[in-house]
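J.: The structure's right below; bear with me while I get my questions together.
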């Protein structure tokens with residue numbers, strides 16, 4: 095299975111390079127500057143490939159977030175009915191899911207509040223079923239509700255433009271994005287791409303009539 099996936103990736107990379115080569119020929123034939131064309135297409139290819147990986151990572155993090163939400167809802171509903179053993183098993187599954195929700199554009203690894211809440215949940219889970227069962231159950235429910243609130247908020251955030259995110263990370267310190275709100279980050283990425291790349295690239299594409307070829311490539315990588 096891994097071997098097949100690697101073959102698919104190699105084939106996709108080969109096809110991308112061929113399409114980039116054809117686009118380069120088209121741009122040069124239209125009289126575009128060779129140095130400018132080489133620079134723009136190199137960055138276009140790199141942002142496509144990095145952006146696709148970032149999109150895959152983001153989608154994985156969202157799946158784990160959604161699964162964690164389902165587990166929390168189940169625990170809150172059945173906590174008073176299920177055995178301590180069953181609760182502990184589901185809590186272990188929940189912690190595993192929560193440790194996989196991280197992404198730069200969702201819940202970040204350096205989010206101290208989330209890390210603290212997760213640590214409290216682990217503590218409450220460890221104590222559940224002890225002699226202080228009634229107290230630990232109250233603590234556990236409280237921590238589950240706190241985690242649910244954080245996940246619910248993150249689940250409402252809009253995804254970034256992954257091509258723009260890839261381009262930004264190729265040139266800037268990605269840590270700067272962690273200081274921004276969701277909408278602010280997405281606006282920043284769009285503005286950065288426009289200022290540093292997309293306007294220049296679009297002008298060259300229009301000159302050569304190659305807009306559709308570039309659009310098809312972006313659609314294949316980010317809408318497929």
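Numbering (my numbering), first residue to last: 95 to 318. For each residue, glycine too, the CB sits at the ideal point set by N, CA and C. Predicted model, so just to flag it, every value in this text is computed and none were measured.
If you follow the alpha helix (DSSP H) that residue 274 is part of, which residue opens it and which one closes it?
T.: Taking the first residue of the chain shown as 1, we reach residue 274 at position 180. Premise fails: residue 274 is in no alpha helix (DSSP H) and is neither H nor E.
J.: Going by C-alpha to C-alpha distance, which of 257, 133, 169 and 248 sits closest to residue 314?
T.: The sequence position of residue 314 within the chain shown is 220, counting from 1. Checked all of 257, 133, 169 and 248; the closest Cα to residue 314 is 257.
J.: CA-CA distance, residue 279 and residue 270?
T.: Stepping through the chain shown from its first residue, residue 279 is reached at position 185. Stepping through the chain shown from its first residue, residue 270 is reached at position 176. The alpha-carbon atoms of residue 279 and residue 270 are separated by roughly 9 Å.
J.: If contacts are defined as beta-carbon pairs under 8 Å, then residue 304 and residue 122 qualify, I think. What distance do you get, rounded to the angstrom?
T.: Start at 1 with the first residue of the chain shown, and residue 304 comes out as number 210. Start at 1 with the first residue of the chain shown, and residue 122 comes out as number 28. Not quite, the Cβ-Cβ distance comes to about 11 Å (not below 8 Å), so this is no contact.
J.: Since I believe residue 188 is in contact with residue 166 (beta carbons under 8 Å), could you give me their beta-carbon distance rounded to a whole number of angstroms?
T.: Position 72 of the chain shown, counted from the start, is the residue given in the question as residue 166. Position 94 of the chain shown, counted from the start, is the residue given in the question as residue 188. With a Cβ gap of about 7 Å, residue 166 and residue 188 count as contacting.
J.: Could you check whether residue 218 and residue 237 sit closer than 8 Å to each other, using their CB atoms as the reference points?
T.: Position 143 of the chain shown holds residue 237. Position 124 of the chain shown holds residue 218. A contact, by the Cβ cut-off of 8 Å.
J.: Would the stretch 145–162 count as touching the stretch 241–260 if we require 3 or more Cβ pairs under 8 Å?
T.: A contact exists between the stretch 145–162 and the stretch 241–260.
J.: Tell me which same chain residues have a C-beta within less than 6 Å of the C-beta of residue 246, skipping the five on either side of it?
T.: The residue you call residue 246 lines up with position 152 of the chain shown. Same-chain partners within the cutoff: there are none.
J.: So, at 7 Å on beta carbons, what are the nonlocal neighbours of residue 284 in its own chain, with the 5 sequence-adjacent residues on each side left out?
T.: Taking the first residue of the chain shown as 1, we reach residue 284 at position 190. Around residue 284: 255 and 258.
J.: Among the candidates 183, 155 and 234, whose CA atom is the shortest distance from the CA of residue 200?
T.: Sequence index remark: in the chain shown, residue 200 carries index 106 (1-based). That would be 155, whose Cα lies nearest to the Cα of residue 200.
J.: Please classify residue 191 as buried or exposed, where buried requires at least 16 other C-beta atoms within 10 Å of its C-beta.
T.: Here residue 191 corresponds to residue number 97 of the chain shown, with the count starting at 1. That one is buried.
J.: Which full runs of the beta strand (DSSP E) of 3+ residues lie inside the stretch 194–257, going along the chain?
T.: Complete beta strand (DSSP E) runs here, min 3: none at all.
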